[in-house]
Amino acid sequence: MAKPEKTNVMRTLDRLKIAYRDYCYVDSGVVSGIDVANVLGQDPAKTFKTLVAVGKSKTNYVFMIPVAEELDLKKAAAAVGEKAMEMLKAKDLLPLTGYVHGGCSPIGMKKPFRTLIHQTAQNFETIMFSAGKIGYQVECSLTDLQKAVKVEPADLIV
15 MAKPEKTNVM RTLDRLKIAY RDYCYVDSGV VSGIDVANVL GQDPAKTFKT
65 LVAVGKSKTN YVFMIPVAEE LDLKKAAAAV GEKAMEMLKA KDLLPLTGYV
115 HGGCSPIGMK KPFRTLIHQT AQNFETIMFS AGKIGYQVEC SLTDLQKAVK
165 VEPADLIV
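Numbering (the numbering used here), first residue to last: 15 to 172.
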């Protein structure tokens, strides 16, 4: 596998003196989160994808859920006090967050959004999530992630 280059997420973690492991799977040809976990030898239950949604109030939210799971939009809406929730359109992701689909990280978005993570993240010593670029992942503890971005645990999956 290729030697990982430093992404903005990694630079942010370095600046905050947060310990992490980085992974690069650029040359592997994998697309799905489950495939990413498998090619990196990680448990899909502790490998999280970062999703952006918009509430009925037009407020944007970030949700982190295990890669093998599906976001429950009703639970997500309830968790943030919205009447309804829908996924952000793919074309709106880059202008809003600075990230492309498949490389979205909760760390380093253009502006801070309320961020929730599925409650099972609390069950793991470390979790893995995108390093902000397709082909790159970082792994750290939930506590350390919470030092970089305010993340609230909640029940979010179907």
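Glycine is no exception: its CB is placed at the ideal position from the N, C-alpha and C atoms.
N- and C-terminal bounds of the alpha helix (DSSP H) containing residue i
{"i": "residue 27", "result": "22 to 29"}
{"i": "residue 94", "result": "87 to 94"}
{"i": "residue 107", "result": "104 to 111"}
Buried versus exposed, by CB contacts within 10 Å (16 or more), residue i
{"i": "residue 15", "result": "Caution applies to residue 15, whose pLDDT of 46 falls short of 50 and renders its modelled position unreliable; the value that the coordinates give is listed next. Residue 15 comes out exposed."}
{"i": "residue 120", "result": "buried"}
{"i": "residue 63", "result": "buried"}
{"i": "residue 122", "result": "buried"}
{"i": "residue 60", "result": "buried"}
Endpoints, beta strand (DSSP E) assigned at residue i
{"i": "residue 67", "result": "62 to 69"}
{"i": "residue 152", "result": "150 to 154"}
{"i": "residue 51", "result": "Looking at the DSSP string, residue 51 is not in any beta strand (DSSP E); the run it does join, the alpha helix (DSSP H), is 47 to 53."}
{"i": "residue 41", "result": "Where residue 41 is concerned, there is no enclosing beta strand (DSSP E), given that its DSSP letter is neither H nor E."}
Beta-carbon separation (whole angstroms), residue i vs residue j, contact threshold 8 Å
{"i": "residue 132", "j": "residue 171", "result": "6 Å"}
*Tell me, please, whether the stretch 136 to 150 touches the stretch 102 to 111 by the rule of three or more beta-carbon pairs shorter than 8 Å.*
no
*Count the CB pairs spanning the stretch 36 to 45 and the stretch 83 to 103 that are closer than 8 Å, and state whether there are at least three.*
no
_Is it the case that the stretch 154 to 168 contacts the stretch 45 to 60, given that we only count it when at least three CB pairs across the two stretches are under 8 Å?_
no
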